[in-house]
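What follows is one structure encoded as structure tokens, with my remarks underneath.
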Amino acid sequence: MGDKSGLGCRHIIGITLPSWGVTRAITRCSSPHFPPGTNKYMAKEIIKDKDVVMANHALKSPVKLAQRLAQLQEALKIPNLGADKKKEFEERIALIVKALK
Amino acid sequence: MQQVLRKALVAEAVCEVDRSNSFYIHNPYSSQPTASVAAIDGSYAVTAWTTTEDTLSITDEVTYGEHIYDFERLLANYDLFANRTNEQAYAVAQAIDIYVVNNLLEAGTTDYTTPAGGFTTAANIPVIISNLCSKVMGYAEAYKGLFLIIENTDVPGFIQAQLASGFSYSDAALNNGFIGHYGGVDIYVVRTGTFTDATTTTASGSTTWSNSGRRVFGVKNVATYAQPGGLNFEEKGVTLKTGKEFVTYGYVGFKLWATKAALVVDILLA
Chain A
1 MGDKSGLGCR HIIGITLPSW GVTRAITRCS SPHFPPGTNK YMAKEIIKDK
51 DVVMANHALK SPVKLAQRLA QLQEALKIPN LGADKKKEFE ERIALIVKAL
101 K
Chain B
102 MQQVLRKALV AEAVCEVDRS NSFYIHNPYS SQPTASVAAI DGSYAVTAWT
152 TTEDTLSITD EVTYGEHIYD FERLLANYDL FANRTNEQAY AVAQAIDIYV
202 VNNLLEAGTT DYTTPAGGFT TAANIPVIIS NLCSKVMGYA EAYKGLFLII
252 ENTDVPGFIQ AQLASGFSYS DAALNNGFIG HYGGVDIYVV RTGTFTDATT
302 TTASGSTTWS NSGRRVFGVK NVATYAQPGG LNFEEKGVTL KTGKEFVTYG
352 YVGFKLWATK AALVVDILLA
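Quick mapping for you: the protein sequence lines, in order, are chains A and B. At position 79 of the first sequence the residue is numbered 79 (my numbering), and the sequence of numbers has no breaks. Take the position in the second sequence, starting the count at 1, then add 101; the result is the number in my numbering.
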């Protein structure tokens, strides 16, 4: 069996897996798309800590986060913005600024 | 048996779905040419051009498993396997829906901030819809149809605006209730708690999103989500246990294609 995937990853614990359709092969393989241990870091419950979410977001898509920071800062200038929304936006801005540092 | 209280699934209405057994979907694009207009003289320039790879990868799996002991099956008055597999299939489908909708919002590169009050203020609705439409109109793709996904907490402003619109539209709203089409935009309502913040969890898989307080608008079918093989089901005997263990699972990947990312609008509720 050759490497039909072109990704150079077929051997797991000495076993040559029959095809890419094998789920275990994908999740445990050494492909750059599924680095070893990917699942190890996956939380089994929703992460409530906003700092953790934002820090990960900053790692994965800093451009998107910067775009949202600018949008939130602009939104603070809305003249009749409610106090609750103002507080929410300020908290959000603080989170993003901290994550992007 | 009764079904659990189910939420609406909307992803398939706004995205293309690929169910082929591909790990990758290749969809490269080449640079955009701009034609030159000049006074006629029979000459032209040759411009360099490039191709950029754009791919969708299957990155996540969605699973749910249970065990029904034989005494549970035998002593129940209902077909427990049929009921639980049906509920499992829904649970997996719903998780995929939330995954797709949040990744869609996350991937949109155009942004828009609503007037204060957001969708809950009736007077804002025509303003928001018109502003959103202006973000994507003029592109050929806009004729594929427009969508807006809101949460149920946004519905009051919409219904009030529809009831007060006047004439036949208002009459239709008064007679039939919420109209899922406003100003040329198809409105999809999901339950509150759909747009959230999540990172590498059982909700977001390997992806991350921070979509709390946001909604998504855009052109239909410019994003693709892949669900190779659809939903799968396995039933197996387990040692030391009577009955069967059974699991429902599916794989999912999402991509808002690079050349169309501006056609999805990231809405901030003010």
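Note that the Cβ used here is the ideal one computed from N, Cα and C, for glycine as well.
Sequence-distant residues of the same chain with beta carbon closer than 7 Å to residue i, five excluded per side
i	result
residue 311 (chain B)	298
residue 214 (chain B)	369 and 371
residue 230 (chain B)	283, 284 and 286
residue 191 (chain B)	107
Interface flag, residue i vs chain D, CB-CB below 9 Å
i	result
residue 300 (chain B)	Within the model displayed, chain D is absent; protein chains A and B are what it includes.
Proximity below 9 Å, CB of residue i to CB of residue j
i	j	result
residue 243 (chain B)	residue 320 (chain B)	yes
residue 318 (chain B)	residue 208 (chain B)	no
residue 57 (chain A)	residue 48 (chain A)	no
residue 69 (chain A)	residue 217 (chain B)	no
residue 334 (chain B)	residue 164 (chain B)	no
residue 210 (chain B)	residue 363 (chain B)	yes
residue 104 (chain B)	residue 197 (chain B)	no
residue 223 (chain B)	residue 262 (chain B)	yes
residue 174 (chain B)	residue 294 (chain B)	no
residue 193 (chain B)	residue 332 (chain B)	yes
residue 134 (chain B)	residue 153 (chain B)	no
residue 66 (chain A)	residue 100 (chain A)	yes
residue 166 (chain B)	residue 346 (chain B)	yes
residue 71 (chain A)	residue 171 (chain B)	no
residue 226 (chain B)	residue 258 (chain B)	yes
Listed by chain order, chain A residues near residue i by CB distance under 8 Å
i	result
residue 235 (chain B)	Result: empty, since nearest Cβ-Cβ is about 17 Å, beyond 8 Å.
residue 106 (chain B)	By Cβ distance, chain A contributes nothing, its closest Cβ being about 20 Å from residue 106 (chain B), past 8 Å.
For residue i, the residue or residues it bridges with in DSSP
i	result
residue 325 (chain B)	B:117 and B:356
residue 91 (chain A)	None; residue 91 (chain A) has no bridge partner.
residue 166 (chain B)	B:348
residue 131 (chain B)	B:152
residue 247 (chain B)	B:286 and B:320
residue 212 (chain B)	B:367
residue 157 (chain B)	B:126
residue 177 (chain B)	For residue 177 (chain B), which the question treats as bridged, DSSP gives no partner whatsoever.
residue 291 (chain B)	B:252
residue 333 (chain B)	B:350
residue 70 (chain A)	Partner(s): none; residue 70 (chain A) has no beta bridge.
Residue i at chain B interface by Cβ criterion, 9 Å
i	result
residue 94 (chain A)	no
residue 97 (chain A)	no
residue 75 (chain A)	yes
residue 82 (chain A)	yes
residue 54 (chain A)	yes
residue 85 (chain A)	yes
residue 61 (chain A)	yes
Within-9 Å CB hit, residue i to chain A
i	result
residue 207 (chain B)	yes
residue 311 (chain B)	yes
residue 217 (chain B)	yes
residue 363 (chain B)	no
residue 367 (chain B)	yes
residue 264 (chain B)	no
residue 370 (chain B)	yes
residue 254 (chain B)	no
residue 349 (chain B)	no
residue 360 (chain B)	no
residue 121 (chain B)	no
residue 295 (chain B)	no
residue 186 (chain B)	no
residue 308 (chain B)	yes
Beta-carbon neighbours of residue i, restricted to chain A and to distances below 7 Å
i	result
residue 314 (chain B)	88
residue 212 (chain B)	67 and 71
Residues near residue i by beta carbon distance below 8 Å, same chain, minus five either side
i	result
residue 289 (chain B)	109, 111, 114, 115, 248, 249, 250, 251 and 281
residue 162 (chain B)	306, 350, 351, 352 and 353
residue 315 (chain B)	206, 296, 367, 368, 369 and 370
residue 122 (chain B)	329 and 330
residue 22 (chain A)	Because residue 22 (chain A) sits at a pLDDT of 39, beneath the cut-off of 50, its placement in the model cannot be relied upon, and the following sentence gives the value as read from the coordinates. Closer than 8 Å at the Cβ level, and outside the excluded window around residue 22 (chain A), lies no residue.
residue 365 (chain B)	205, 206, 208, 209, 210, 211, 317, 318, 319, 320, 323, 324 and 357
Contact set between residue i and chain B, taken where Cβ atoms lie within less than 7 Å
i	result
residue 100 (chain A)	Those within 7 Å of residue 100 (chain A) in chain B number zero; the least Cβ separation is about 12 Å.
6 Å CB neighbourhood of residue i in its chain, flanking five on each side removed
i	result
residue 102 (chain B)	179 and 184
residue 127 (chain B)	156
residue 246 (chain B)	321
residue 300 (chain B)	309
residue 160 (chain B)	307 and 354
residue 360 (chain B)	130
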